[in-house]
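Heads up: the sequence shown runs through residues 6 to 185, numbered per the working numbering. Step one of this worksheet: look at the structure below.
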Amino acid sequence: MKTKYFWMLMVALFVGTQVMNAQNEQGKHHGKRAHKRMTMEQMVDMQSNKIIGELGLDDKTAAKFKDVYAKYMKEMNDLRKEGMDFRMRGRIQKGDTLAKMKIQMPTDDEVDKMMRDRFKQSRKMLDIREKYYEEFRKFLSPKQVQKIYEQGQKNHGKFHKEMNRRAGMKRPQGNPQQGK
6 MKTKYFWMLM VALFVGTQVM NAQNEQGKHH GKRAHKRMTM EQMVDMQSNK IIGELGLDDK
66 TAAKFKDVYA KYMKEMNDLR KEGMDFRMRG RIQKGDTLAK MKIQMPTDDE VDKMMRDRFK
126 QSRKMLDIRE KYYEEFRKFL SPKQVQKIYE QGQKNHGKFH KEMNRRAGMK RPQGNPQQGK
């Protein structure tokens, strides 16, 4: 009888250690993915390689394109960050969770300022697009430049969809209407 319990205990310990080991291994892999994020430079490089492939550029043109595209994306991303700053200023504090954030209705003056700031940002974005259109046109056709800008719009839309999807996953479960 004692040997039966001994062997049951040994099997339970063996199974338990295997399960714990598997969980640790799984946690290690997920941890690496979760903490390793792409840098902006890596994302721009990946996007430029994709566009180079779609446009079928030769090596010389591809090198010029990568350089100009990296500068273009840096200017656009810096401008987008500025836009986030003026829209989010005072609304979200560092470390706030969705549950802690207070939704405040902006005053008419705040809305007016936000709208005017958005118009300024849109003008700056248009200026950047026109500036880089001229740069891209030095070695690409107008149709190729159009594809670049269209790809940028698609990527920006995908980015927003992904961010919204991730935000939806993190919403508190208390209010089912909140996710809609």
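Where a beta carbon is used, it is the ideal one built from N, C-alpha and C, also for glycine.
Extent of the continuous alpha helix (DSSP H) run through residue i
{"i": "M48", "result": "45–60"}
{"i": "S146", "result": "Where S146 is concerned, there is no enclosing alpha helix (DSSP H), given that its DSSP letter is neither H nor E."}
Three-state secondary structure (DSSP) of residue i
{"i": "V41", "result": "According to the sequence provided, residue 41 is Lys. The question's Val does not apply to it. Of the three classes helix, strand and coil, the one that applies to K41 here is coil, per DSSP."}
{"i": "D63", "result": "coil"}
{"i": "T112", "result": "coil"}
{"i": "P177", "result": "For P177, the predicted structure reports a pLDDT of 48, less than 50, and the residue's modelled location is therefore unreliable. A value from the coordinates is still provided. In the structure shown, P177 sits in coil (DSSP, three-state: anything other than H, G, I, E or B)."}
{"i": "K185", "result": "Any reading at K185 must be qualified, since the residue scores a pLDDT of 44, below 50, and its modelled position is unreliable; the value itself is stated next. Coil, per DSSP."}
Spatial distance of residue i from residue j (CA atoms)
{"i": "K129", "j": "L84", "result": "8 Å"}
{"i": "E139", "j": "V150", "result": "10 Å"}
{"i": "L18", "j": "Q47", "result": "45 Å"}
{"i": "K136", "j": "D113", "result": "35 Å"}
{"i": "L14", "j": "V20", "result": "10 Å"}
{"i": "K166", "j": "Q158", "result": "12 Å"}
{"i": "L62", "j": "K41", "result": "31 Å"}
{"i": "L145", "j": "F70", "result": "9 Å"}
{"i": "P111", "j": "K65", "result": "51 Å"}
{"i": "N54", "j": "D132", "result": "25 Å"}
{"i": "D148", "j": "M25", "result": "The question names Asp, yet the displayed sequence has Lys at residue 148. Approximately 57 Å between the Cα atoms of the pair."}
{"i": "E115", "j": "Y77", "result": "31 Å"}
{"i": "M43", "j": "K143", "result": "30 Å"}
Beta-carbon proximity check, residue i vs residue j, cutoff 8 Å
{"i": "Q52", "j": "N160", "result": "yes"}
{"i": "F141", "j": "V73", "result": "yes"}
{"i": "A68", "j": "V49", "result": "no"}
{"i": "Q126", "j": "E80", "result": "no"}
{"i": "R1", "j": "Y154", "result": "Outside the shown range of the chain (6 to 185) lies residue 1, about which nothing can therefore be said."}
{"i": "E59", "j": "K118", "result": "no"}
{"i": "N82", "j": "M45", "result": "yes"}
{"i": "Q156", "j": "I57", "result": "no"}
Residue i at chain C interface by Cβ criterion, 8 Å
{"i": "L62", "result": "No chain C is present in this structure, which holds just one protein chain."}
Open item on the list: Runs of 3 residues minimum, wholly inside the stretch 113–139: which ones carry the beta strand (DSSP E) assignment?
Closed with: The qualifying runs do not exist here; there are none.
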